[in-house]
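So the sequence shown is numbered by my numbering: it starts at 46 and just counts up by one.
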Amino acid sequence: MIQTLYHDLTHPLWQAASIAEYYLRNTYTLRVLANFWDLAAQLWYFVVLGALFSTLAWRYLPKTRIRRTLQQRANGSIVASTLLALISPLCTFAAIPVAGRLINMGVPAAPLVAFVVASPLMNPSLFVYTAGTISMEMAIARLVTAASVGLLAGFAAQSAMRRLTFAVRTAVPAEHAPATADGQSEVEILAQRFRGDLLFIAKFFGLGIFIAALVKTFLSQELVLALVGPGSVWAVPVAVALGVPLYACGGGSIPIVESMMQMGMSPGAALGFFIAGPATKFSTLTMLGAVWGRRILLFYLGLMLVGALFWGFLYPFGGENIQAKTGGVYEELMGR
């Protein structure tokens, strides 16, 4: 029965693939589609795992205790808000309005700045995607850099609060608490949220895979090595600049970077891309400026770009040998 169901579901896909191969043979279109299919087959289960982690965090994080912690006017609240950003399932579009609502409720600005800065850089889904797709070392590096940039932003905002007023222009509603509708079991609530998270993540992850397929098709390995390889002094600045047009979302950027690392992109350049990408998304900047104002927008943008350059040049931490994951085999790039 399972084999019959599998055949019924996949047979149209294989038919479509055969037709496409017949009519698009020896074309760039077929190469893009083949690369897209190959990347999707390699990475789809990380999308599922990431959505699962996001759903569990949304349901079981102690929200009341978190709110009380953020209302403490002490350095501990900045540390706590940074840690919360790293484990929160909120994307940037949700994190900024939620922070805006909390500041209107009397929560100090400094811990919320730390939360907004660190939130797009790391969450449970991104950690799973990065560890599975690139390496655990890169996932830990992203975690460390996200925490450091968030802490720096929070303490800098706390210091500046003596001279600046962090005004929120618009009151925006926070995300609703988990539903407990009559007749819905715990499993049904989790399943409904999981379905929504999976569809949301898969949409942007698919866009990232498509861009990665274009990169693998049209960029040569020699060009990637020359621009962002370990031998290029401009690797990190170029990667930070590439984050502007190529960054789709947190999860969607991972297959792009993975493809470029297969072609020789240095780990430091990859880390710089991961940090700068969220900071330069037009939609993120627009929302941040509308909710928090121009001062916070410029502060946020400058801090993220400086952090991207700093950590990009510093990484890998204490090591000179740089390795890229190529088809499951690690290949030394130094000395090329």
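Cβ coordinates follow ideal geometry from the N, Cα and C atoms, glycine included.
- Bounds of any alpha helix (DSSP H) do not take in Y360, whose DSSP letter is neither H nor E.
- Here L188 has L131, M167, F172 as same chain residues with Cβ atoms under 7 Å from its own Cβ, once five neighbours each way along the sequence are excluded.
- T178 and V351 have their C-alpha atoms some 26 Å from each other.
- Within its own chain, the residues whose Cβ lies closer than 7 Å to the Cβ of A198, once the five positions on either side in sequence are excluded, are V158, A159, V162, L348, listed in chain order.
- Of the residues W89, T100, V273, T72, the one whose Cα lies closest to the Cα of V232 is T100.
- Per DSSP, V273 is one residue of the alpha helix (DSSP H) stretching across 266-273.
- The alpha-carbon of P165 is positioned some 28 Å away from that of N80.
- Shown here, R238 sits in a helix according to DSSP, grouped into three states.
- Between I64 and P282, the alpha-carbon positions lie close to 43 Å from each other.
- Where T190 is concerned, the enclosing alpha helix (DSSP H) starts and stops at 181-205.
- L129: member of the alpha helix (DSSP H) spanning 120-132, first to last residue.
- At the C-beta level, G274 and S298 stay beyond 7 Å of one another.
- With respect to the 7 Å criterion, V269 and A353 are not classified as neighbours on the basis of their beta carbons.
- Comparing alpha-carbon positions, the option among V92, L330, G334, R104 lying closest to R238 turns out to be R104.
- Taking every protein chain shown into account, the CB of Q229 has fewer than 16 other CB atoms within 10 angstroms, so this residue is exposed.
- Cβ-Cβ distances below 7 Å link A186 to L316, Y360 in the same chain, with the five nearest sequence neighbours on each side left out; the list follows chain order.
- Straight-line spacing of the CA atoms in A247 and F255 works out to 12 Å.
- At the C-beta level, I123 and A155 come within 7 Å of one another.
- Each residue's CA atom was taken as its position, placing L244 and V92 some 10 Å apart.
- Between L330 and L342 a beta carbon distance of about 6 Å is seen, short of the 8 Å cut, so the two are scored as contacting.
- Pairing A85 with G251, the inter-Cα distance amounts to about 8 Å.
- Per the C-alpha coordinates, the member of R76, G313, R70 positioned closest to A257 is R76.
- With 16 or more other CB atoms across the displayed protein chains lying within 10 angstroms of its CB, A125 is buried.
- For L157, the enclosing alpha helix (DSSP H) starts and ends at 154-163.
- Rounded to whole angstroms, the separation of the alpha carbons of G288 and F318 is 5 Å.
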